[in-house]
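Notes for the one structure printed next.
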Amino acid sequence: MSEVMRSQNIEALHLIAANVDDFPSMLPGVPLHENVKMVVEESIHYSLEADARAAWYAAFPDGVGSVRLGSHHRTFFVSMYHELHCLQQFRDTLVDLNPHVAWGHLHHCLNYLRERALCQADLTLEPGDFTQRNFAQERVGATHLCRDWNAVISTVNANWNDWVSVWKEFHNVTH
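Remember, the working numbering sits 52 above the position in the sequence shown when you count from 1.
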């Protein structure tokens, strides 16, 4: 993303959420019509092994997926990161990295992911019966058409960097 486009996107983010009683329903600055293809495949990087935890947590940017919008810098969380957070909660519970499970939180996450699956209503046809598939031998699944998550990541990172600059200036932090 060019510096001019980044600046325009950040400016748009602030203008859209300037009214504290009004806010956008979607993250501004991310083209909704630009899709990418994702081939679903098994990954050794995102396993249930304890040493895979770092890969799961690397998906989160500084700010954990939050954005600040408008002149009042209201905090919002991007749904994509909420979904990833919920998946991490289940993963940590399954591998016993979370000995003090907050069952209410886990219940929320399960219901949230169910609702997100219904909301997305992905119509991609997957070949065969996935319940009978040998995932060790048949590693590649269907190709899905997705929103460009790299555009989301770039926009969230740019917003976070802008917020940190504003915060440092407000608190007179120079380092």
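Positions of the beta carbon are idealized from the N, C-alpha and C atoms, including for glycine.
Would you identify the three-state DSSP class for residue i, choosing helix, strand or coil?
i      : result
Ala173 : coil
Thr145 : helix
Phe128 : strand
Gly115 : coil
Leu121 : strand
Gly81  : coil
Thr183 : helix
Leu100 : coil
His196 : strand
Gln140 : helix
His227 : coil
Glu190 : coil
Ser178 : Residue identity check: residue 178 is Glu in the sequence provided, not Ser. In the structure shown, Glu178 sits in coil (DSSP, three-state: anything other than H, G, I, E or B).
Val56  : Per-residue confidence for Val56 stands at a pLDDT of 46, beneath the threshold of 50, marking its modelled position as unreliable; the derived number appears in the next sentence. Looking at Val56 - three-state DSSP - the assignment turns out to be helix.
His152 : coil
Would a C-beta distance cut-off of 8 Å place residue i and residue j closer than the cut-off?
i      : j      : result
Thr26  : Leu162 : Nothing in the structure corresponds to residue 26, since the chain is present only between 53 and 227.
Glu178 : Gly156 : no
Asn186 : Pro113 : no
Leu79  : Val130 : yes
Asp174 : Glu86  : no
Leu136 : Ala111 : yes
Val147 : Ala102 : yes
Thr195 : Lys89  : yes
Val218 : His125 : yes
Thr207 : Gly81  : yes
Asp203 : Pro76  : Residue identity differs from the one stated: residue 203 is Ala in this sequence, not Asp. No.
Gln140 : Trp108 : yes
Determine the extent of the beta strand (DSSP E) in which residue i is found, giving its start and end residues.
i     : result
Val92 : Asn87 to Glu93
Could you check where the alpha helix (DSSP H) with residue i kicks off and where it finishes?
i      : result
Val218 : Trp201 to Phe222
Ala107 : Arg105 to Tyr109
Which term fits residue i, buried or exposed, when burial requires 16 or more other beta carbons within 10 angstroms of its beta carbon?
i      : result
Ala312 : The requested residue 312 does not occur in the structure, where the chain is confined to residues 53 to 227.
Cys198 : exposed
Asp214 : buried
Leu100 : exposed
Arg120 : buried
Tyr133 : buried
Gly180 : exposed
Cys138 : buried
Gln184 : exposed
Met57  : Note that Met57 scores a pLDDT of 48, beneath 50, so its modelled location is shaky; the value from the coordinates is reported in the next line. With fewer than 16 other Cβ atoms within 10 Å, it is exposed.
Ser54  : Low confidence applies here, because Ser54 scores a pLDDT of 47, under 50, leaving its location unreliable; read the following figure in that light. Ser54 is exposed by the Cβ-count criterion.
Asn211 : buried
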